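Only one structure is covered here, and it is reproduced in the block below.
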Amino acid sequence: MAFIPVSQDEFNCCVCLDLLRDPVTVSCGHSFCLNCITGCWNQEDQKGVYSCPQCRETFTPRPVLRRNTMLTEVIEKLKKTELQSDGKAPFYAGPGDVECDFCIGRKHKATKSCLTCMGSYCEVHIQPHYEVTCLKKHKLVNAISQLQGKICSQHDRIIEVFCRTDKKLICMLCLLNDHNGHKTVSAAAEWAENQTKLHGTKMKNKTHIQQREKELQEVKQALQTLKAFAQEAVEDSERMFTELISFMEQKRSEVTESIRAQERAEVSRAEELLEQLELEITKLKSSNAEIEELLQKEDPIDFLQSFSLTSPQFEILSSVTSTPHLSFTEIKGPALMEIKQTMSKFNPGFRIGDRVQVRASVQQPKNGGWGGVTHKSLGVITSFSSHGYILVDFPEWKQWKADPFEIKLVLRIGDRVRVKASVQKPTHGGWGGVTHKSVGVITSFSSHGYILVDFPEWNQWMAEHYEIELVL
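According to my numbering, the sequence shown is numbered sequentially starting from 130.
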């Protein structure tokens with residue numbers, strides 16, 4: 130009896146595309162897995178009409194399904210036959226596997242790739258390459274994915290060498306011809322070396338990430354500090370402007386009236402200028418109309434006669450200032466000077482002997498340079514200038530000129546203070562019974578830079594300014 134070769138693909142279910150399991154055959158002759166056809170028909174229960182998933186023939190009522198015992202036996206024998214002939218069952222392609230290009234339905238795992246056919250084959254479909262004479266000459270290699278991209282376009286050979294001289298992948302024939310004498314290694318060796326480099330880069334990136342994350346936290350902390358400084362600056366500014374509000378309102382009214390008076394004068398001048406410009410524009414348009422009429426004449430004699438008789442006058446216009454003069458410096462200057470002088474008399478919130486710092490918002494002092502002074506420097510107010518600025522003695526610079534809005538009050542004699550919770554060990558001596566909850570009064574500032582505080586537990590307790598905080 131002749132043997133007819135068959136493939137398992139011929140016994141695949143058209144619903145799940147897998148080998149039939151518990152096969153049943155409907156009246157139209159098509160076979161399906163029992164679970165597959167049952168699932169399909171369960172979805173059609175509401176309509177009451179059931180169809181074959183393959184040919185779409187309809188049935189009413191729902192047919193009773195019975196197992197096709199003959200088909201079951203055939204499938205079992207087919208499985209045993211393929212196991213005996215191949216020594217193992219065919220594997221379906223999984224994730225990362227190369228699929229057979231010739232399997233219909235669910236793809237089997239490819240075992241060989243043909244560099245001549247440019248295709249990949251499973252154990253079943255590769256057989257013709259072993260049996261057919263003309264196919265035996267084809268170049269077979271172990272199955273590779275993305276076959277076209279791994280073949281040399283010049284020699285149709287598999288790429289397996291890396292040329293370091295030209296930085297490109299080549300085949301063995303390229304190595305013997307165009308790349309002869311170049312520095313080359315196997316693709317696998319180049320891959321391994323680059324893998325090592327990438328691992329090194331990955332570790333460096335990890336270190337950089339950790340460094341950047343640390344810097345990120347520092348920036349966030351600085352941002353919080355900046356917001357606190359900004360809030361403090363806003364509160365101080367509100368306090369100072371409240372003290373000056375009545376005076377400023379009066380000056381505002383006076384300056385506004387002066388500016389309006391100058392505005393009216395400038396507007397009158399500007400209106401005259403507009404009238405002059407409109408008149409000149411009218412003249413120019415009239416001249417252009419005459420020129421346009423002359424340009425329409427195509428007879429040279431007629432043109433020249435008209436041109437000589439009514440030659441337009443080309444007048445060179447003088448330049449006209451296009452913007453009115455709007456400078457109010459003469460009004461604002463004296464007012465601002467008077468405000469500064471008044472501010473020095475008001476002395477908003479500061480006293481001689483107060484300990485102050487430059488505000489964090491100050492980028493460039495108004496009255497000169499920094500002179501070594503920083504935002505962390507602690508200075509003492511020594512006097513108030515009649516010109517509106519305050520003289521402060523900093524450790525880095527004596528008689529530093531500060532605008533009242535550039536400095537903030539840190540501490541003054543009589544302030545109630547306590548030791549900050551962050552202080553673990555005082556800079557000058559021990560605790561002497563003082564705790565973080567103790568409240569003391571500043572009695573004096575030492576010439577050596579520290580502050581003397583009288584606590585209930587200890588009098589004349591020495592503290593640095595950064596160790597204590599105000600008690601409100």
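Just so you know, even glycine gets a beta-carbon here, dropped at the ideal spot from N, CA and C.
On a predicted model such as this, the values are computed, not experimentally measured, just so you know.
{"Check": "Nonlocal neighbours in the same chain, by C-beta distance under 7 Å from H504, ignoring five residues either side", "Outcome": "Q486, V487, A489"}
{"Check": "For E593, the three-state DSSP class (helix, strand or coil)", "Outcome": "coil"}
{"Check": "The stretch 250–264 in contact with the stretch 277–285 per 3-pair CB rule at 8 Å", "Outcome": "no"}
{"Check": "Rounded Cβ spacing between I481 and S512 (contact assumed at less than 8 Å)", "Outcome": "7 Å"}
{"Check": "Nearest-angstrom Cα separation, counted from I280 out to G158", "Outcome": "46 Å"}
{"Check": "Spatial distance of P494 from D532 (CA atoms)", "Outcome": "8 Å"}
{"Check": "Distance CB(V552)-CB(W587) smaller than 8 Å", "Outcome": "no"}
{"Check": "For D522: DSSP bridge partner residues", "Outcome": "V509"}
{"Check": "At least three beta-carbon pairs within less than 8 Å, the stretch 190–205 to the stretch 222–236", "Outcome": "no"}
{"Check": "Alpha-carbon to alpha-carbon, Y250 and F231", "Outcome": "7 Å"}
{"Check": "Cβ pair Q528, L538 closer than 8 Å", "Outcome": "no"}
{"Check": "Given 8 Å, three or more beta-carbon pairs between the stretch 297–313 and the stretch 324–334", "Outcome": "no"}
{"Check": "Distance between T154 and R196 (C-alpha atoms, nearest Å)", "Outcome": "7 Å"}
{"Check": "Where A357 falls, given that 16 or more other Cβ within 10 Å makes a residue buried", "Outcome": "exposed"}
{"Check": "First through last residue of the beta strand (DSSP E) which encompasses P257", "Outcome": "Run containing P257: none in the beta strand (DSSP E); it sits in the alpha helix (DSSP H), 256–260."}
{"Check": "8 Å Cβ shell around R128 - same chain, five flanking residues per side excluded", "Outcome": "This structure does not reach residue 128, given that the chain is present from 130 up to 601, and the question cannot be answered."}
{"Check": "I288 - partner residues in DSSP beta bridges", "Outcome": "In the DSSP output, where bridge partners are listed per residue, I288 has none listed."}
{"Check": "Contacting residues, own chain, Cβ-Cβ under 8 Å from R293 (five flanking each side not counted)", "Outcome": "H311, K312, T313, V314, E319"}
{"Check": "Close beta carbons around L163, own chain, < 8 Å, minus the five adjacent residues each side", "Outcome": "R150, D151, P152, V153, L194, R196"}
{"Check": "Local conformation of K566 per DSSP, three classes", "Outcome": "coil"}
{"Check": "Beta-carbon contacts of V502 that lie in its chain and below 7 Å, excluding the five residues immediately before and after", "Outcome": "V487, F523, E525, W526, W529"}
{"Check": "C162 - DSSP class collapsed to helix/strand/coil", "Outcome": "strand"}
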